[in-house]
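From first to last, the protein sequence lines stand for chains S and D. In short: position in the first sequence from 1, add 1405, done, that's the working numbering. In short: position in the second sequence from 1, add 8, done, that's the working numbering. So the structure is just underneath, and the comments pick up after that.
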Amino acid sequence: DAGVTQSPTHLIKTRGQQVTLRCSPKSGHDTVSWYQQALGQGPQFIFQYYEEEERQRGNFPDRFSGHQFPNYSSELNVNALLLGDSALYLCASTYGVVEQYFGPGTRLTVT
Amino acid sequence: QKEVEQNSGPLSVPEGAIASLNCTYSDRGSQSFFWYRQYSGKSPELIMFIYSNGDKEDGRFTAQLNKASQYVSLLIRDSQPSDSATYLCAALSNDYKLSFGAGTTVTVRA
């Protein structure tokens, strides 16, 4: 049973560029959440997708957007990258709203 | 005020001892609480969750919840070197937001 998968593993981008990160949820899970984790901090909630709709959003600017596909996989898009966007981006999936299981993450470096 | 606060670390315990981790939350509407373990360079791994007042035990781990005091704790009994990691406390609000604390780093000395 495959767990949550994310791609790519690492990514280096330049300020002002755009990036797309991808996530496939654990089998049987229909809800995907995205988090940003800066070094030495806990994960910060970006948004959650359920039934292809953004159900809830954290305190992140509109530069952060997402999408969920009919097969429940999801994308996180970040436009106009800033140096401060450098972080580990985590995707978590769940069925229902209780336990969330995290993928391995994508390490984004903005130079 | 942060939504979830954890006792500042790092916490160093000898092998075989009990490690005690504490967490408080500000949103009284939070219903479920989670403890994750995160090894350096890895993603968080769910240890256990609790939603009723009292204790919940799973192997060497015991979670405790006191909603009146808005307090959650995690006890790790018979600590092993493999327990050395950062432990994250998280609270799930009624509007589906999962808020994390900054984490407490635990080192188990052999």
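Ideal Cβ placement from N, Cα and C applies to all residues, glycine included.
Quiz item: Hey, does G1447 (chain S) have any beta-carbon neighbour from chain D nearer than 8 Å?
Solution: Within the first sequence, the letter at position 42 stands for residue 1447 (chain S). Yes, because at least one Cβ of chain D sits closer than 8 Å to the Cβ of G1447 (chain S).
Quiz item: Mind pulling the beta strand (DSSP E) runs of 3 or more residues that sit fully within the segment 39-84 of chain D?
Solution: 40-46, 53-58, 62-66, 69-74 and 79-84
Practice problem: List the DSSP bridge partners of K1418 (chain S). | Solution: Residue 1418 (chain S) sits at position 13 when you count from the first residue of the first sequence. K1418 (chain S) has S:V1515 as its beta-bridge partners, per DSSP.
Exercise. Note down, in chain order, every chain D residue with its Cβ under 9 Å from the Cβ of P1466 (chain S).
Key: Numbered from its first residue, the first sequence carries residue 1466 (chain S) at position 61. Going along chain D, no residue has its Cβ under 9 Å from P1466 (chain S), so there is no contact; the nearest lies around 17 Å.
Quiz item: Counting along the chain, where does the beta strand (DSSP E) carrying H1472 (chain S) start and finish?
Solution: Looking up residue 1472 (chain S) in the first sequence gives position 67. Unbroken beta strand (DSSP E) run through H1472 (chain S): F1469 to Q1473.
Quiz item: Do the segment 1470-1488 of chain S and the segment 11-19 of chain D meet, that is, are 3 or more Cβ pairs less than 8 Å apart?
Solution: With contact defined as three or more Cβ pairs closer than 8 Å, the segment 1470-1488 of chain S and the segment 11-19 of chain D are not in contact.
Practice problem: Kindly say whether A110 (chain D), judged by its beta-carbon, lies nearer than 8 Å to any beta-carbon of chain S. | Solution: Your numbering for residue 110 (chain D) matches position 102 in the second sequence. Output row for A110 (chain D): interface = yes.
Quiz prompt | Outcome for G1508 (chain S) when other beta-carbon atoms lying within 10 angstroms are tallied against a minimum of 16 | solution = Numbered from its first residue, the first sequence carries residue 1508 (chain S) at position 103. Its Cβ being crowded by 16 or more others within 10 Å, G1508 (chain S) is buried.
Exercise. Closer than 7 Å, Cβ to Cβ, to anything on chain S: give me those residues from the segment 34-51 of chain D, in chain order.
Key: Under the 7 Å Cβ criterion, the segment 34-51 of chain D contributes S40 and S51.
Quiz prompt | Burial state of H1434 (chain S), where buried means 16 or more other Cβ atoms lie within 10 Å | solution = Along the first sequence, one-based indexing puts residue 1434 (chain S) at 29. With 16 or more Cβ atoms within 10 Å of its Cβ, H1434 (chain S) is classed as buried.
Quiz prompt | Own chain, CB closer than 8 Å to T1419 (chain S), minus 5 neighbours either side, in chain order | solution = Locating residue 1419 (chain S) in the first sequence gives position 14, counting from the first residue. Here the set comprises L1486, V1515 and T1516.
Quiz prompt | Burial state of G49 (chain D) (16 or more Cβ within 10 Å) | solution = Counted from its first residue, the second sequence places residue 49 (chain D) at position 41. Result: exposed.
Quiz item: Just by C-beta distance, which residues in the segment 1490-1507 of chain S are closer than 7 Å to chain D?
Solution: When C-beta distances to chain D are compared with 7 Å, the residues of the segment 1490-1507 of chain S below that value are L1495, V1502, V1503, E1504, Q1505, Y1506 and F1507, in chain order.
Quiz item: Per DSSP, P22 (chain D) is paired with what?
Solution: As a working note, residue 22 (chain D) is residue 14 in the second sequence. In DSSP, P22 (chain D) forms a bridge with D:R117.
Quiz item: Between Y1455 (chain S) and P22 (chain D), what straight-line distance do the alpha-carbon atoms span, to the nearest angstrom?
Solution: Residue numbering aside, residue 1455 (chain S) sits at position 50 when the first sequence is read from its first letter. Residue numbering aside, residue 22 (chain D) sits at position 14 when the second sequence is read from its first letter. Approximately 44 Å between the Cα atoms of the pair.
Quiz item: If you measure from the beta carbon of Y79 (chain D) to each beta carbon in chain S, is any gap under 8 Å?
Solution: Position 71 of the second sequence holds residue 79 (chain D). Output row for Y79 (chain D): interface = no.
Practice problem: Determine, using beta carbons only, whether D66 (chain D) comes closer than 8 Å to chain S. | Solution: Here the question's residue 66 (chain D) lines up with position 58 in the second sequence. Judged by the 8 Å Cβ criterion, D66 (chain D) is not in contact with chain S.
Quiz item: Is Q1453 (chain S) close to chain D, meaning its C-beta is less than 8 Å from at least one C-beta of that chain?
Solution: For this step, residue 1453 (chain S) is matched to residue 48 along the first sequence. Yes, Q1453 (chain S) lies at the interface with chain D (some Cβ there is under 8 Å from its Cβ).
Quiz item: Unbroken beta strand (DSSP E) runs of length 3 or more, entirely within the segment 1419-1468 of chain S: which are they?
Solution: Counting only runs of 3+ residues, the beta strand (DSSP E) found wholly inside the segment 1419-1468 of chain S occupies 1424-1429, 1436-1442, 1449-1455 and 1458-1462, in chain order.
Quiz item: Measuring CA to CA, which of D:V114, D:G24 and D:F41 is closest to R68 (chain D)?
Solution: Numbered from its first residue, the second sequence carries residue 68 (chain D) at position 60. Selected option, being the one with the closest Cα: D:G24.
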